[in-house]
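Undergrad: If you count the sequence shown from 1, you need to add 450 to reach our numbering.
Take a look at this one; I'll ask things after.
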Amino acid sequence: MILSELRSYLAEHKRAALIDMARHFDTDADALRGMLATLERKGRVRKLPPGTDCGGGCRGCDQARPELYELLDFKEGSL
């Protein structure tokens, strides 16, 4: 997986839990954290504060405090 795939996933979902991204990409959450940190440094995503609602509206998450990330200003062709 490369950064553009992760960015595209967030562009589609706007906001996503780390555990959901790990399942989708079939990869380790720690590896994703490293990629997300790179996108954070570039100003493309941000990690949301603990307790933030994922926006799904279902309230069915089995995690008490999911680690959420949100895409910022998506521009086609940019990382």
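Note that the Cβ used here is the ideal one computed from N, Cα and C, for glycine as well.
Note that the structure is predicted; figures quoted are calculated from it, not measured.
1. Is the separation between the beta-carbon of A466 and that of L460 shorter than 8 Å?
2. Whole angstroms are fine: how far does the CA of L489 sit from the CA of R473?
3. Going by C-alpha to C-alpha distance, which of L498, R491 and L522 sits closest to P516?
4. To the nearest angstrom, how far is the alpha carbon of L522 from that of E462?
5. Given a threshold of 16 other Cβ atoms within 10 Å of its Cβ, counted over all protein chains shown, does R491 qualify as buried or as exposed?
TA: Straight from the coordinates:
1. yes
2. 19 Å
3. L498
4. 12 Å
5. exposed
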